[in-house]
Amino acid sequence: MRLLILGLGTAGSKIADAIIRPSRHSDRCSDLHAIAVDNDPEVLENLVHIGEEAKFYFPKDDIESPELLTTRFTIDEVKAKLKGFDIGTHDAILVCAGLGGGLVSLVPHLVSIIRETMFEPVFALVTIPAEDEGESRLIRAMKNLQMIKPLVDGIIIFDNQLWLDKVRGELTETTL
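For the sequence shown, my numbering assigns the number 340 to the initial residue and increments by one for each residue that follows.
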């Protein structure tokens, strides 16, 4: 599968980095490309498998109206990066983000850019916050999910709590 992965925020960027990692070691997955956008430069710096030219820093500003920030922020750079791929280079675009996070509000703006410049289907891989992230974040996450659903061709939802419970259980078993 030829896939373009767009990671938004800390969760989305880390997911994109993890997905592209195996492609570096396989001839079958050589057409994976990833772009990461985050407002934490340390997160971007720690991404191992996404090239520096595909990491974009988003300053911690008010992003309720991201279309107003295009001259101050790297949306123009991300748009140029997206347009830099030849039409038909990918089979699909996968947008990765953590629901309830700050940068998930960029999804509508970036999906509209993708739809303008590419014809491939757009899917979302999103994470639901863990219980310890609080009820307000979970409520925001559900609102984010409702916002994203009509914009993409399909959604994969990953429950962070299930993963944490599984990992904690495995850690407990190994320490006994």
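Note that CB positions come from ideal geometry on N, CA and C, so glycine has one too.
Would DSSP call residue i helix, strand or coil?
i	result
L433	strand
G493	strand
I389	coil
D379	coil
G348	helix
T466	strand
L371	strand
L343	strand
Count the other C-beta atoms from every protein chain shown that fall within 10 angstroms of the C-beta of residue i, then say buried if there are 16 or more, exposed otherwise.
i	result
D492	exposed
S451	exposed
S352	buried
R507	exposed
V387	exposed
I467	buried
F412	In this predicted model, F412 has a pLDDT of only 48, less than 50, meaning its place in the structure is not dependable enough to derive any value.
G423	exposed
L503	exposed
N385	exposed
Skipping 5 residues on each side, what residues in its chain have a beta carbon closer than 6 Å to that of residue i?
i	result
Q500	A469, E470
L280	The structure shown does not extend to residue 280, since the chain spans only 340 to 515, so no value can be given for it.
P460	A431, D492
A436	L347, G348, G351, V443, V465
Going by Cα to Cα distance, which pick from the options is closest to residue i?
i	options	result
P393	A375, D379, L464	According to the sequence provided, residue 393 is Ala. The question's Pro does not apply to it. Of the candidates A375, D379, L464, the one whose C-alpha sits nearest the C-alpha of A393 is A375.
S320	T456, F458, V465	The structure shown does not extend to residue 320, since the chain spans only 340 to 515, so no value can be given for it.
F458	L477, E472, L421, P447	L421
R454	G473, L484, K418	K418
I494	R341, T456, F462	F462
Output needed for residue i: all residues of its chain with C-beta closer than 8 Å, excluding positions within five of it in sequence on either side, in chain order.
i	result
M481	L438
Identify, in the order they occur along the chain, each residue of the same chain with its Cβ nearer than 7 Å to the Cβ of residue i, setting aside the five sequence neighbours on each side.
i	result
D498	I467
I354	G346, C435, L464
I389	A355, D356, I359, A373, A375
P447	M486, L490
R479	G439
E416	F395
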